[in-house]
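Colleague: Shown below is the structure under consideration.
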Amino acid sequence: MDDRRILQAIFKKLLNAYGPRKWWPARTRFEVIVGAILTQNVSWRNAKLAVNSLKKARLLSPSAILVASHEEIAPLIKSSRFYNQKTEKLKAFCAYFMHNYNGSLDKMFSGDMESLRRELLGLKGVGKETADSILLYAGRKLSFVSDAYTKRFLKRYGLNYGSTSYEGIRSFFMKNLPKDLYLYNEYHALIVHHGNAVCRAKPDCNGCPISHLSRKIFCSHYYGSK
DNA sequence: GTCCAGGGCCTAC
DNA sequence: GTAGGCCATGGA
0 MDDRRILQAI FKKLLNAYGP RKWWPARTRF EVIVGAILTQ NVSWRNAKLA VNSLKKARLL
60 SPSAILVASH EEIAPLIKSS RFYNQKTEKL KAFCAYFMHN YNGSLDKMFS GDMESLRREL
120 LGLKGVGKET ADSILLYAGR KLSFVSDAYT KRFLKRYGLN YGSTSYEGIR SFFMKNLPKD
180 LYLYNEYHAL IVHHGNAVCR AKPDCNGCPI SHLSRKIFCS HYYGSK
């Protein structure tokens, strides 16, 4: 089987086993962006607590975040860890967003995807994973999200012998998957779910829905090799 | 008590 | 280009 077929077969098995993950769990596109920043290196549970605190304080809008002081925002997002840095990241994004797009998500996402990606990457606090999450889950753009889970996933199942850098992994998926938003959306979410909830809970691979598809049967605990 | 989550920045080499 | 320190919560 070539890479395309393997990726499709794995997706079908994951989707069948776990069902649609329905990402991103947010009510609005702006909430997706805030969540993407707040979930950096912290569990989604803790990030969500912070999002809800902002919402409760009526600070879940670009203009409100821009006007509010650091001292107002930071305590509200304490649960998301690194709250001082994340306060500045949120304010930096909102300043950029209001200044360049007048607070219009439609306007921001209307142009060329790769140039918007470069723009987002130029912002303080927006790295590759966050930029791609924003593009895919808030902008519905065909930008595949890679991360540490994806890297371990490919290693474990013996895929992608090429570059294992972030960009290498991203383009591996984008080259070998049909250009389908639903597929991009669910694939990343399923990899995270599989690595997080299942492989970590059952390190012996008992019940793993895709180990039989692996080129390199490697069922020891893949979290041992970050 | 330890470990680690849906990272990114900065600096040193 | 990459390795390491930093940021500094909350649940298991």
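0 is the number of the first residue of the first sequence in numbering that gives the first Met the number 0; add one for each residue after it.
Using N, Cα and C, we set each Cβ at its ideal position, and we do this for glycine too.
Bear in mind the structure is a predicted one, so any value in this text is a computation, not a measurement.
(1) Just reading off the alpha helix (DSSP H) that Trp43 is part of, what are its end residues?
(2) Write down every uninterrupted run of the alpha helix (DSSP H) in the segment 92-177 whose length is 4 residues or greater and which is fully enclosed by it, in chain order.
(3) Given a cut-off of 9 angstroms, decide if Arg117 and Ser142 are closer than it, judged by their beta-carbon atoms.
(4) In terms of alpha-carbon separation, which member of Gly206, Ile72 and Asp146 lies closest to Asn51?
(5) What does the alpha-carbon distance come out to for the pair His187 and Gly157?
(6) What residue range is occupied by the uninterrupted alpha helix (DSSP H) comprising Gly34?
(7) Output the distance between the C-alpha atoms of Leu58 and Ser162, rounded to the nearest integer angstrom.
(8) If you draw a straight line from the alpha carbon of Arg28 to that of Tyr82, how long is it in whole angstroms?
(9) Indicate whether Ile209 and Lys85 have their beta-carbon atoms separated by less than 9 angstroms.
(10) By how many angstroms is the C-alpha of Ile64 removed from the C-alpha of Leu89?
(11) If I follow the unbroken alpha helix (DSSP H) through Asn184, where does it start and stop?
(12) According to the Cβ coordinates, are Gln39 and Gly126 closer than 9 angstroms?
(13) With distances taken Cα to Cα, identify the nearest neighbour of Ala91 among Lys77, Ser62, Ser103 and Phe108.
(14) By Cβ distance, which residues of its chain are closer than 6 angstroms to Ser145, with the 5 residues on each side in sequence left out?
(15) Secondary structure at Ile76, three-state DSSP: helix, strand or coil?
(16) Hey, how far is the Cα of Leu122 from the Cα of His193?
(17) Considering only residues of the same chain and omitting the five flanking positions on each side of Cys93, which have a CB-CB separation below 7 angstroms?
(18) Using CA coordinates, which residue listed in Ile190, Arg4, Ala67 and Asp1 is at the minimum distance from Glu87?
(19) Please tell me whether Phe238 and Gly102 are closer than 9 angstroms, where the distance is taken between their beta carbons.
(20) Asn15 lies in the alpha helix (DSSP H); which residues open and close that run?
Modeller: Well, looking at it:
(1) Trp43 to Lys55
(2) 104-107, 112-120, 127-132, 147-155 and 165-175
(3) no
(4) Ile72
(5) 18 angstroms
(6) Arg28 to Leu37
(7) 41 angstroms
(8) 22 angstroms
(9) no
(10) 7 angstroms
(11) Leu180 to His192
(12) yes
(13) Ser62
(14) Tyr165, Ile168 and Arg169
(15) coil
(16) 31 angstroms
(17) Pro61, Ile64 and Leu65
(18) Ala67
(19) Examination of residue 238 is not possible in this model, given that the chain is present from 0 through 225 alone.
(20) Asp2 to Tyr17
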